[in-house]
Every structure is written in C-alpha cells, then in structure tokens.
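The opening position of the sequence shown corresponds to residue 20 in this note's numbering, with each subsequent residue numbered one higher.
Take a look at the structure below.
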Amino acid sequence: MVTLKTVVLDAEKCIGCITCMRRCPTEAIRIENGKAKILYDKCINCGECVRSCKGGAKRPVYDSFDLVDSYKYKIALPSPSLFGQFNNLDDPNFVLEGLLALGFDEVFEVGLAAELVTDCTKKLMQGKELNRPVISTACPAVVELILLKFHELADHLLPVYAPAKIAAKLAKKQALEKGIPADDIGIFFISPCPAKVYSLHREEVSNEKYISGVLSQSDIYFRLVEKMNKIKNPRRLGKCGYSGLGWGSSGGESNSLGLGNYIHCSGVRNVLGLLKEMSDGKLDGGADFVEMNMCPGGCVGGVLNVENPFIARNRMRQLAEKMRIPPATLEGYGLDENFFIWDKIPEPSTSFQLDPNRFVAMQKLMLVEEYLKKLPGIDCGACGAPTCRCHAEDVVMHGGVLDCVKLDEVGK
C-alpha cells in the first residue's frame, strides 16, 4: 500500500525552477539548495505540481498492479472518466469486458455509485437541514483545501462519501452476500488523480477497510487497450447510465441533481477564486449547490489520465447520449441515507496556525508583519518561497534570517 504521500519529488530531475512553487494552490512548495521541497502538512495532493513541472520531477504515487494478484476474488472500480480515454469507444461494455480479461472477477462501476450519491443528495437537500450553498465533496482535493485554508466553509460540505468509497462499500457487501470470504476480496479503484489515491488510503487507515488498492488510470489504460482490441461482442455488463457517466466531467454532478440554482467550476485558480468569494459571503443566498473540481474539466483532467481532458469530455458526452439506462435509486438497492453519510466529520487542519496558543500566535503574527515591512512585497520567489509573506512566516516559524535579493535596495 502507498504511503499518504501521493506526490513525490525526484530530486535528480528537479532543475530548481519555481513553476511548481508558483502553481501550488496551498503554497506547499519551497526551493532549497536549488531543489523543490514539498511541505506535506500543507499539500492536498491535487497534482498541480505534477501537471506544471517542466522536468517531470514530480511523480504521482499509486499502488502497483501486481497487488491485484494478492487476492483470490478481485473487483475493479472504474471511474467515469476512464471511459473518455478511448478513441472510437461506442459501448462502455468493451471497457468492462476488458477489465475482466485483465484478471478481475467483477467490475462495479463508480458511475453507478455516483447515481446513488445523487439520489441521496437530493433527499438530504429536500430536508433543508444542510447549510446553503451545499458544497460537493466528490473532489477530495477541494475538501482538503477547504479544511486547510477555508475553515469557515467546512460546515457547508456535503457530509456524504464520494462515489468511489460508496462503490467499494457496495462491492464488498455484494461479494460477502455471495459467500466469498472477506480476506479473499480485493477491491481496486482505478483513479484519475493522486488526490483520490490519498483520500481513499487515508480513509482506510481510520475506518473499516473497503479499498485494497488504488491504481493509476493511465497504467490500466495501456493494459486495457490490448485486451479490448480482442473483444468482438461484449456482454451487457454495464448498469451505469448517462447520469453517472456525466460525473466524470465538471458540472456532471450538478446536472444530475436537477437543480436550477447551482454553480460549477474547475481548475485550481477558478476554485481558489470561487472559494474566496464564498468566504467573503458573496454567495450567501446565491446558489443551492456548488460543485468544484481542482483538475481542469473535472476528473477527465486528472494527471493520471492519458487523454486531453477536452477530447475525453467530448467522447464521454457522445457516449452518454447513446445510453438509455435510467439512474439508480436508493430504493432500488434497498439503501437509505445512512449508508452514504460520513462516519466521522473531518476536522479543519491547523497547518497554517502560527501557534496553538493564541497569545503566542499573536506575537508571531506581529513579528511576521514587522518582517514584511522590510521585504519588497513583489513576491518574486528568489528567496525560495512563493510570496514575501510565506518567507516571513518561514523565518518566524523555523528560524534563520530574511534572505531577499532586494533587501539592500529596500533599505536604501
């Protein structure tokens, strides 16, 4: 199993540019001795540094496909975005049949679980007990960002597990009902991004175990192509309809809810901008539901994909138009809302806290402000920190002296 660090640095490939540091949405990267350094207590594993690294020095971490062979009964959980990776795919059953040909004994579509999450969300929102606007929790990087930097929005999070976790719970439940011993069951999510790898493995540490491993969508893609090319007439294995498939793109979840008053956006800068607007209260009463995806275009834009997100999104839209399977419902699967709701409410992070003691924290803040007056405020990154404020905070928190090429000029 992977560690909870799902983005790592290959120092030999790092050229010391500041691109990743600039692009990181949580200011979790520094440049030290000519090499990037990831501050994991502030990292949300979004993969933006992987996407932007010029030298390929950032590497996403996921489980090896070899882990699949460790289990007697193997279940694959393909995400909706996987279906957008294949050219000329006119039937999702080719993908499902291909996964079985890879050695899996069963396939449970995450898109089907997404439809059930949609139905659960509708019921919860009809109860009018959720704080508006309700924020989708489907993107784990967005959830981590809110818990890290936007604590005031935490009580707007939809308290429902993401579709991958629900798919794993249902897949395990069904396998046990077939009489398969629990120790023989291996459940593997095929992920489009490192944030989902991190989220699912972290949940497995603290809760009942459902996920046995999280695989890379790109790795599975190249293994699947060969198998799919040999399939002529796939069986009708799919149970997911157009609604669940739509979850793979930004706006798919919102559309499936059938709400008229919703907002969706994707991409790091857009998500940050919208969260700041919400934090300032500018959306109070302005929307019922907000769907945000850190990756451009939604899960189709994850760094573990192989296809351009816009091409993949178009393919998925065309595929969805051919699917006439009605969305799954809780009643159809004999479930209620309790199956979906968080077992434990996640706590906001204290990684940006200057000190747990309020008095000490105020003293440190005053020192940060004092240092900031000495710095030029141009956020050039030459010191190895993304902003002058970050540099001042680093000095206050970890010691050292201000290191700025502009200090002499400012002093004059």
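Backbone N, C-alpha and C fix where the C-beta goes; we use that ideal spot for every residue, glycine too.
Separation of isoleucine 206 and lysine 251 (C-alpha to C-alpha, rounded to the nearest whole angstrom) is 27 angstroms.
Rounded to whole angstroms, the Cβ separation of glutamate 340 and lysine 142 is 28 angstroms, and the two are not in contact under 8 angstroms. DSSP places histidine 410 inside the alpha helix (DSSP H), whose first and last residues are 407-417.
Between serine 268 and leucine 176, the alpha-carbon positions lie close to 20 angstroms from each other. Inter-segment contact for the segment 310-322 and the segment 344-355 is absent: fewer than three beta-carbon pairs are separated by less than 8 angstroms. The C-alpha of glycine 418 lies about 19 angstroms from the C-alpha of alanine 55. Annotation for lysine 93: the continuous beta strand (DSSP E) segment containing it runs 92-97.
Excluding the 5 residues flanking it on each side, glutamate 296 has same chain C-beta neighbours closer than 8 angstroms at Leu302, in chain order.
Listed in chain order, the non-local C-beta contacts of isoleucine 185 below 7 angstroms within the same chain comprise Ala132, Leu135, Val136, Phe359, local neighbours out to five positions each way being set aside. Taking every protein chain shown into account, the CB of valine 233 has 16 or more other CB atoms within 10 angstroms, so this residue is buried. Boundaries of the alpha helix (DSSP H) harbouring isoleucine 185: 182-196, taken from the DSSP string.
Counting along the chain, the unbroken alpha helix (DSSP H) around leucine 386 starts and ends at 377-393. Judged by DSSP in its simplified three-state form, tyrosine 261 adopts helix.
Restricting attention to Thr45, Thr38, Cys259, Leu28, the CA atom closest to the CA of phenylalanine 371 is found in Thr45.
The Cβ neighbour count for glycine 260, taken over all protein chains shown within 10 Å, is at least 16; the residue is labelled buried. When Cys409, Ala401, Pro405 are compared, the shortest CA-CA separation from lysine 425 is found for Ala401. Residue pairing by DSSP places lysine 77 opposite Leu28 in a beta bridge.
For glycine 75, same chain residues with a beta-carbon under 8 angstroms away, outside a window of 5 residues either side, are Asp29, Lys32 in chain order. Bounds of the alpha helix (DSSP H) holding arginine 70 are 67-71.
Collapsing the DSSP output to three states places methionine 311 in a strand. It is roughly 22 angstroms from the alpha-carbon of lysine 363 to the alpha-carbon of valine 309. By the C-beta density criterion, glycine 304 is exposed, having fewer than 16 other C-beta atoms within 10 angstroms. For cysteine 158, the secondary structure class from DSSP, reduced to helix, strand or coil, is coil. For phenylalanine 208 and glutamine 337, the gap between their C-alpha atoms comes out near 24 angstroms.
In the DSSP annotation of this structure, the continuous segment of the beta strand (DSSP E) that includes glycine 232 starts and ends at 232-235.
Annotation for asparagine 274: Gly265 place their beta carbon closer than 7 angstroms to its own, counting only its chain and skipping 5 residues before and after.
According to DSSP, histidine 175 shares a beta bridge with no other residue. With a beta-carbon spacing of about 52 angstroms, arginine 242 and leucine 391 fall beyond the 8 angstroms limit used to define contacts. Glutamate 388 has its alpha-carbon roughly 49 angstroms from the corresponding atom of glycine 130. In the three-state DSSP reduction, valine 325 falls in the coil class, being neither helix nor strand. Secondary-structure assignment with DSSP links tyrosine 281 through a beta bridge to Phe308. In the DSSP assignment, glycine 205 falls within the unbroken beta strand (DSSP E) covering 204-210. Taking 8 angstroms as the cut-off, the Cβ atoms of proline 253 and lysine 215 do not count as close.
Looking at the DSSP output, arginine 49 bridges to Lys56. Within the same chain, Cβ atoms closer than 8 angstroms to the Cβ of tryptophan 361 are found at Pro178, Val179, Tyr180, the five residues on either side in sequence being excluded. The three-state secondary structure of valine 424, taken from DSSP, is coil.
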